[in-house]
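For the sequence shown, my numbering gives the first residue as 2, with consecutive numbering after it. Glycine residues also receive a C-beta, built at the ideal position from the N, C-alpha and C atoms.
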Amino acid sequence: PILVSSELVLAERHKEHITMTELHKPSVNHSLQFTPRGFYNGSLFDTRPHRELYRRRKDLMGHTLIMSNVIQDNNVSKEHILNEDRLDLHNDAVAKACWVAARHCFEMLNASENHIFSYRWGYKVNGEWSGMINDIKTKKADLATNCITYKDRLEVVSFTDMVAPVHMRFIFRQPPLTYTANIFSLPFSTDVWVAMAICSAAATVMLFVTSMWEVKMERNPTQLDGSFSDALLLTMSAVAQQGCYIEPSRAPGRIVEWSLFTALMALYAAYSANIVVLLQAPSNSIRTLSQLASSKITLSANDVDYSRFVLNKYNDSLHVGIYKRVTPDGGTPNYYQIDKGVEKIRQGLFAFHSIVEPVYRRIEETFLETEKCDLSEVDFVNGFDGFIPVKKDSPYLEILRIPFKRIRESGIQNALTRRFLVSKPRCVNSMSTFSSVGLLDMRPVIIFMLYGIIFSVMIFLAEVV
């Protein structure tokens, strides 16, 4: 058929005058359309009103274009898509936005619209295509909902333009700082720790010297006995801001003790204030896919078919490792409905892979403002935005491509995105909420106590022996 993408020109000779006429059909069932192209009478004259094929063929004269709409969240979305009522945007919001954009495109082309529904985006399994890609391949549909531009899909379709963003990513809350670092070493810089160690060592030596002098002058049960261990014990009591039943009895030793306790008291106050802040602080340590893979965060995915295809699509060790954590061999796969996945994200130490827009809409409704501030996302597919697919050899490919670009350039696409989709929630209040301290937060302290117990037992055994 001589459809809108054809360049058939009929030339008719009338003596020395040749007229040229373009022939095309808006569709197979339409009558043939004749459009003057130009004439030749010794010189060639082009009488086309526009050189661009789109501007000459953009009137499809009511021809029906069929769009395949992908429904994966809720069957009720079919009714909302056709009514364009912007209701129940928690489900299939991308498909709803794409349908409205396609309606605008059809109006620009003077085309009638029709629709079919599919429950898959379209993946190649055992050499056969499924979902909306198969609808386009088998000519059940002329175009379809936005989808990711995978290389193998280019065998069947060409992509026009993006009318609704489709981002597939892992969404999670950054783990607490205590999860990734020893916060008890963070309040002070290395230089401050070294200075404290040097000052404490110097104070110990000075207390040892003054205690030896005091013992020669007099003895009583509460004074230092002149040994290095007593001087060290008093210094450690000052470092830990704890009292000690022994103390210097003369002015030189008491001046050293007072100076040591006063200096360490100021440091202790600053240290305690910093610890309170660090206990509530997120780590911001996971920024890349490899960092996410090496973390101990639970990985999961939305319980829809595209998650199983997308996560299992790559062969490199990084992506395969992540897929095995989502779907462990011999274990229960970590697939959840969006509502449950969002709740687990809120609880922390949980990453959920999904199209981000419906997840963010639920986060806006269920998270506290302070819980939105440590949200992060990591791209798994490293892909671009989704684009509207059209059959590769479709005569309407270029005719559809330009209206979609105009819809985007004119701001209509941006308006539709704002109406149907939500972006990542903004952090409007970065103040942290107080939460109870758990064993994970106190792990370095507990380990330090265990080492102390072991060391004391070893010294006890050595003294007994």
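query                                                                                                       : result
Limits of the unbroken alpha helix (DSSP H) element including Arg58                                         : 54-58
7 Å CB neighbourhood of Tyr55 in its chain, flanking five on each side removed                              : Glu399, Ile400, Ile403
Stretch pair the region 85-95 + the region 361-375: three plus CB contacts closer than 8 Å                  : yes
Cβ contact check for the region 283-290 and the region 137-150: 3 or more pairs under 8 Å                   : no
Integer Cβ distance of Thr299 from Val257, believed to fall under 8 Å                                       : That belief does not hold up - the Cβ atoms of Thr299 and Val257 are roughly 53 Å apart, past 8 Å.
Buried versus exposed, by CB contacts within 10 Å (16 or more), Lys97                                       : buried
Contacting residues, own chain, Cβ-Cβ under 7 Å from Val158 (five flanking each side not counted)           : Ile134, Ile137, Pro390, Val391, Lys392, Lys393
Segment contact, 8 Å Cβ cut-off, at least three pairs: the region 65-84 with the region 32-48               : no
4-residue-minimum alpha helix (DSSP H) runs that sit fully inside the region 12-79, ordered along the chain : 54-58
Which listed residue (Glu23, Met62, His18) has its alpha carbon closest to that of Leu45                    : His18
Minimum C-alpha distance to Tyr337 - residue among Ser457, Ser318, Leu208, Arg309                           : Arg309
Contact check, Val101 vs Ile356, beta carbons under 8 Å                                                     : no
Endpoints, alpha helix (DSSP H) assigned at Met207                                                          : 191-218
Per DSSP, the bridge partner or partners of Ile172                                                          : Phe353, Glu378
Residues that Phe160 bridges to, as DSSP identifies them                                                    : Pro390
Backbone secondary structure at Asn115 - three-state DSSP                                                   : strand
Beta-bridge pairing of Ser291 - partner residues as DSSP gives them                                         : None; Ser291 has no bridge partner.
His25 and Arg58 closer than 8 Å at C-beta                                                                   : yes
Spatial distance of Glu366 from Cys99 (CA atoms)                                                            : 24 Å
For Tyr120, the three-state DSSP class (helix, strand or coil)                                              : coil
Touching by the beta-carbon criterion (3+ pairs, under 8 Å), the region 272-282 and the region 170-188      : yes
Opening and closing residue of the alpha helix (DSSP H) in which Ser301 lies                                : No alpha helix (DSSP H) contains Ser301, which is instead part of the beta strand (DSSP E) from 299-303.
Beta-bridge partners of Glu8, as assigned by DSSP                                                           : DSSP, once it has assigned bridges, lists no residue as partnering Glu8.
Where Glu372 falls, given that 16 or more other Cβ within 10 Å makes a residue buried                       : buried
At least 3 beta-carbon pairs within less than 8 Å: the region 218-232 vs the region 261-268                 : no
Collapsed DSSP secondary structure at Val466 in the structure displayed                                     : coil
Alpha-carbon spacing of Phe405 relative to Arg420, whole angstroms                                          : 18 Å
The region 182-189 in contact with the region 201-216 per 3-pair CB rule at 8 Å                             : no
Per DSSP, cross-strand counterpart(s) of Trp130                                                             : Lys125
Rounded distance between the beta-carbons of Met68 and Glu108, thought under 8 Å                            : Not a contact, Cβ separation roughly 13 Å.
Cross-strand partners of Cys148 (DSSP beta bridge)                                                          : Phe388
Identified DSSP bridge partners for Pro283                                                                  : Pro177
Local conformation of Tyr361 per DSSP, three classes                                                        : helix
When Ala103, Ala165, Thr418, His64 are compared against Ala112, the one with the closest alpha-carbon       : His64
For Phe388 and Met169, believed in contact at Cβ under 8 Å, the rounded distance                            : Going by Cβ atoms, the distance from Met169 to Phe388 rounds to 14 Å, so no, they are not a contact pair.
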